[in-house]
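At position 164 of the sequence shown (counting the first as 1) the number is 164 in the UniProt record's numbering, and the numbers step up by one without a gap. Where is the CB? At the ideal position from N, CA and C, for every residue including glycine. Heads up, the thing below is written out as structure tokens.
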Amino acid sequence: MSRLLLRLIDIMRFRAGPQDLPGGWGFAVIFMVIYGLMGAVTDRMLDGAEAAPRSLFSLMVQVCAGAALLWLRRVPSRLPQTISALAGTGIVFGFITILLLLQVTPQGFPQGLGLIWLGIFLWSLFVDAHIYRHALSITMSLGVLVAVTVFALNFLVIEALFPAPAGSG
Numbered sequence: 001m002s003r004l005l006l007r008l009i010d011i012m013r014f015r016a017g018p019q020d021l022p023g024g025w026g027f028a029v030i031f032m033v034i035y036g037l038m039g040a041v042t043d044r045m046l047d048g049a050e051a052a053p054r055s056l057f058s059l060m061v062q063v064c065a066g067a068a069l070l071w072l073r074r075v076p077s078r079l080p081q082t083i084s085a086l087a088g089t090g091i092v093f094g095f096i097t098i099l100l101l102l103q104v105t106p107q108g109f110p111q112g113l114g115l116i117w118l119g120i121f122l123w124s125l126f127v128d129a130h131i132y133r134h135a136l137s138i139t140m141s142l143g144v145l146v147a148v149t150v151f152a153l154n155f156l157v158i159e160a161l162f163p164a165p166a167g168s169g
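Structural data, given as structure tokens:
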């Protein structure tokens with residue numbers, strides 16, 4: 001298991017790709033379950049209503065988008081490793097996010113935390129781009145475009161299904 005964690009960290013350091021993870025659906029399913037639960041926990045920490053369904057739909061959008069893109073590129077066999085990489089690195093980023101959320105007080109964010117949060121978000125986006133680059137055999141700039149598009153699609157679907165209550169934004 002520690003070897004798997006080191007491989008995920010290597011992906012986050014842009015030194016490995018999804019092809020370096022074990023093939024098959026075993027880890028992909030385990031990682032999706034953990035990733036979905038972590039999404040629900042972080043949503044709950046942010047006082048998100050309907051945390052579990054939001055997390056589930058978010059995960060479904062990512063899996064469906066990845067499957068569609070891999071199918072279009074005629075490499076659907078890469079789906080389990082792609083999901084393992086996206087969900088596995090998402091779990092690590094989730095732990096980092098939870099550590100940041102624990103720093104928030106009733107008075108708000110400590111100074112500088114927002115900038116750290118932005119940095120981690122951008123890092124996460126580039127890691128996703130790196131994973132898509134390898135999975136789809138495309139350039140990094142196209143990987144960034146795919147990652148941003150999947151993020152935007154995810155955001156739009158979640159906002160459409162779970163709109164914020166009036167007066168909360």
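Within the region 54-137, the runs of alpha helix (DSSP H) at least 4 residues long that lie entirely inside it are, in chain order, 79-101, 113-136. If you look at E159, you'll find it in the alpha helix (DSSP H) that goes 140-161. Per the Cβ contact rule, the region 51-67 is not in contact with the region 110-123 (fewer than 3 Cβ pairs under 8 Å). Under the DSSP assignment, D10 falls in the alpha helix (DSSP H) whose first and last residues are 2-12.
In the same chain as A40, and ignoring 5 residues on each side of it, the C-beta atoms closer than 6 Å to its own belong to A51, A52, S55, in chain order.
DSSP places L46 outside both helix and strand once states are collapsed to three, so it counts as coil.
In its chain, beyond the 5 residues on either side, Q81, H134 have a beta carbon closer than 7 Å to the beta carbon of Q19. Taking the CA atoms as reference points, A85 sits about 18 Å from T149. G17 and V127 have their alpha carbons spaced roughly 10 Å apart. In terms of CA proximity to A28, L79 leads the group L79, Q107, L72. Setting aside the 5 residues that flank it on each side, V157 is surrounded in the same chain by F57, V61, each with a C-beta closer than 7 Å to its C-beta; the list follows chain order. No Cβ-Cβ contact shorter than 7 Å links F31 with H130.
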